[in-house]
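Residue numbers (my numbering), protein chains in the order written: chain A, 1 to 229; chain Y, 1 to 229. For every residue, glycine included, the Cβ atom is placed at its ideal position computed from N, Cα and C. For reference, the structure discussed in these notes is given below.
Number of protein chains: 2
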Amino acid sequence: MKFKTFKGQIGFSKEDIYRELFKENQARIRIKKEKTAIKNLARIFDATLSISNDKGFSAMSLRDLSSETGLSMGALYSYISSKDDLLEMLFQQGRIVVFRALVKQISGIDSPRDRLRMAIQTHLYLSEIMQPWFYFLYMETKNFRKEEHKKAIESELFTENIFQEIIEQGISTGQFRPVDVALTSAIIKAMLQDWYLKRWKYERRTVSVEDYAGFLMEVLGSYLHLENT
Amino acid sequence: MKFKTFKGQIGFSKEDIYRELFKENQARIRIKKEKTAIKNLARIFDATLSISNDKGFSAMSLRDLSSETGLSMGALYSYISSKDDLLEMLFQQGRIVVFRALVKQISGIDSPRDRLRMAIQTHLYLSEIMQPWFYFLYMETKNFRKEEHKKAIESELFTENIFQEIIEQGISTGQFRPVDVALTSAIIKAMLQDWYLKRWKYERRTVSVEDYAGFLMEVLGSYLHLENT
DNA sequence: AAGCATAAAACGAACGCTCGCTCTATTTTA
DNA sequence: TAAAATAGAGCGAGCGTTCGTTTTATGCTT
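Listed below in structure tokens is the structure:
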């Protein structure tokens, strides 16, 4: 699958994300009109991601956020009820979006090799489109309330599980060598994460997301495949 | 090489690190007696790593640090001249230690395959011993002064370069397939970093650092090696 | 060995400032 | 013209940092 194709069939826009966020959290958002809410929520969340990914969420002050969004402190607090609340909404919405997109794409494919490719492409392409979200979720998890760490761990293990199942399937059908499933999934996850954590490096070297996906499949193919099939 | 062997020949202790740090920064440290300085610098830096790796350097207050170390605010400021200064010393010393250990180990080996194994083991073993330092350097780089980002990038590319050279050598002698050198080094780096970034995961699964090193060599071996040699 | 003088180290209250957050007045929208 | 949205001064808490003081260690004299 090409990146362009993926982009076309992703099925949600930035506006959709913020519309959903607005409707889900109408209790704590004091703004009534959807159109106004979406417009400014987008400004607030985009600015939060931008500032936080530059210097960290806890180093971002709400005055930073106010000047970046062009909203006053008072206005800001009509959209969020606290700074912690902003963090919570980011995590919640981020995880929902990622989860939904991942599950949707890899269902309905049979061949382990094709499923593996599709899972890798989906992860990479989604992280390409939503790089600030992915980066934020990765780097700021520790700032979140300790009780919520479980969710972060679950989420890490969930995506790893997708790969575990695919590899197990491949091994049981004889298409893959009998490798260490847990370790293999772990390094796949690590390589996928490198794409959004070290964007600057790949950008500088003009490696496209398709190049990177192809390269990962090469590496994994040579490791997983039986010598002569 | 076994992890135990590496540990034995590493050639410096925790005390050595703090002694060097003391001597290098005697200008900004107001403490005179080496013994006292080393003892408390160790307390301060260990506590900083511990608190920061839990909730982030910028979320750590000096009062946190004071109560964790058992030193008063005033005493703290006899050892550091500012919070930024503490960050700077951590980065400086961290990079020196890592750099020195890496360069030392991989010199004097000829075979590309052995050099690759040695480089991987050295990285992993060192990050196993100094996990809090590695984790800190990775996660807190963005909090550092922007001018210092160059150093962080250099340091990332430096370790990648070690692998690039090894792989290029292997290709030119015909022992490795002609793969994409830059991308291959990049994913090696990513897999090495996963070891100290996701310690909890590997601990939980009781994967030892030797297991992990062996696994990486397996994966890379199958990718780099000519089909029939 | 004890007493004493001085240097070294530790203490912690206090300072100025910025933080997250609130509240009332004002402007914009429909 | 009433409701919705924004503005921004102001609040107390907590931040990094300083500094006058107290405690501890060291070396010298008797």
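Could you check whether the Cβ of residue i sits closer than 8 Å to any Cβ belonging to chain Y?
i: V98 (chain A); result: no
i: I167 (chain A); result: no
i: I187 (chain A); result: yes
i: D194 (chain A); result: yes
i: N236 (chain A); result: Residue numbering for chain A in the displayed model covers 1 to 229; residue 236 (chain A) lies beyond these limits and cannot be assessed.
i: K104 (chain A); result: no
i: D85 (chain A); result: no
i: D46 (chain A); result: no
i: D16 (chain A); result: no
i: F201 (chain A); result: This sequence places Lys at residue 201 (chain A); Phe is not what is there. Answer yes: the Cβ-Cβ gap between K201 (chain A) and chain Y drops below 8 Å somewhere.
i: T229 (chain A); result: Residue placement at T229 (chain A) cannot be trusted, given a pLDDT of 43 that sits under 50; the coordinates are not used to answer.
i: D114 (chain A); result: no
How long is the line joining the alpha carbons of residue i and residue j, rounded to whole angstroms?
i: D211 (chain Y); j: I109 (chain Y); result: 22 Å
i: S111 (chain A); j: I162 (chain A); result: 14 Å
i: L90 (chain A); j: L137 (chain Y); result: 25 Å
i: E165 (chain A); j: I31 (chain A); result: 44 Å
i: K2 (chain A); j: F45 (chain Y); result: 48 Å
i: S185 (chain Y); j: Y135 (chain A); result: 22 Å
i: K23 (chain A); j: R43 (chain A); result: 17 Å
i: D114 (chain Y); j: S82 (chain A); result: 55 Å
i: K104 (chain Y); j: M118 (chain Y); result: 11 Å
i: N228 (chain A); j: E218 (chain A); result: For N228 (chain A), the predicted model reports a pLDDT of 44, less than 50, meaning its position is unreliable; a value from the coordinates is still stated below. Spanning the two alpha carbons is a distance of roughly 16 Å.
i: V209 (chain Y); j: R19 (chain A); result: 46 Å
i: I80 (chain A); j: L86 (chain A); result: 6 Å
i: S78 (chain Y); j: D16 (chain Y); result: 20 Å
i: G170 (chain A); j: V181 (chain A); result: 10 Å
i: L116 (chain Y); j: G8 (chain Y); result: 21 Å
i: I106 (chain A); j: R204 (chain A); result: 31 Å
i: G174 (chain A); j: G94 (chain A); result: 37 Å
i: L183 (chain Y); j: K33 (chain Y); result: 49 Å
i: I188 (chain A); j: N25 (chain Y); result: 42 Å
i: L65 (chain A); j: A190 (chain A); result: 32 Å
i: L21 (chain A); j: A75 (chain A); result: 18 Å
i: L49 (chain A); j: P178 (chain A); result: 42 Å
i: E168 (chain Y); j: E160 (chain Y); result: 12 Å
i: R63 (chain A); j: S52 (chain A); result: 13 Å
i: W195 (chain Y); j: G214 (chain Y); result: 13 Å
i: I120 (chain A); j: I29 (chain A); result: 37 Å
Can you find a C-beta in chain A that's less than 8 Å from the C-beta of residue i?
i: F91 (chain Y); result: no
i: M191 (chain Y); result: yes
i: V209 (chain Y); result: no
i: L230 (chain Y); result: Past the edges of chain Y, shown from 1 to 229, lies residue 230 (chain Y), and the structure says nothing about it.
i: S222 (chain Y); result: yes
i: M217 (chain Y); result: no
i: D64 (chain Y); result: no
i: K2 (chain Y); result: no
i: R205 (chain Y); result: yes
i: A42 (chain Y); result: no
i: N161 (chain Y); result: no
i: S58 (chain Y); result: yes
i: K55 (chain Y); result: yes
i: K150 (chain Y); result: no
i: K142 (chain Y); result: yes
i: D110 (chain Y); result: no
In the DSSP assignment, the alpha helix (DSSP H) including residue i goes from what residue to what residue?
i: K201 (chain Y); result: 199-204
i: T234 (chain Y); result: Since the first residue of chain Y shown is 1 and the last is 229, residue 234 (chain Y) is not available in this structure.
i: M304 (chain Y); result: Within the shown structure, residues of chain Y are numbered from 1 to 229, placing residue 304 (chain Y) beyond reach of any answer.
i: R272 (chain A); result: Residue 272 (chain A) is absent from the structure shown; chain A starts at 1 and stops at 229.
i: S208 (chain Y); result: No alpha helix (DSSP H) contains S208 (chain Y), which DSSP labels as neither H nor E.
i: K4 (chain A); result: 3-9
Are there any heavy atoms of the ligand FAD lying less than 7 Å away from the beta-carbon of residue i, as far as the coordinates show?
i: G70 (chain Y); result: This structure simply doesn't include the ligand FAD, nor any ligand for that matter.
Report task. Decide if the segment 57-66 of chain Y is in contact with the segment 117-135 of chain Y; the criterion is three or more beta carbon pairs, one per stretch, under 8 Å apart. Result -> no
Query - Cβ pair count under 8 Å reaching 3, the segment 189-203 of chain A against the segment 131-142 of chain A - result: yes
Query raised in the report: Which ranges would you report for the alpha helix (DSSP H) in the segment 52-117 of chain Y if only whole runs of at least 4 residues count?
Result: 62-69, 73-79, 83-106
Query raised in the report: Does the count of Cβ pairs from the segment 2-22 of chain A and the segment 92-100 of chain A closer than 8 Å reach three?
Result: yes
Query - Cβ contact (3+ pairs, closer than 8 Å) linking the segment 144-162 of chain Y and the segment 26-46 of chain Y - result: no
Query raised in the report: Quick check: the segment 211-226 of chain Y against the segment 211-225 of chain A, are there 3 or more CB pairs under 8 Å?
Result: yes
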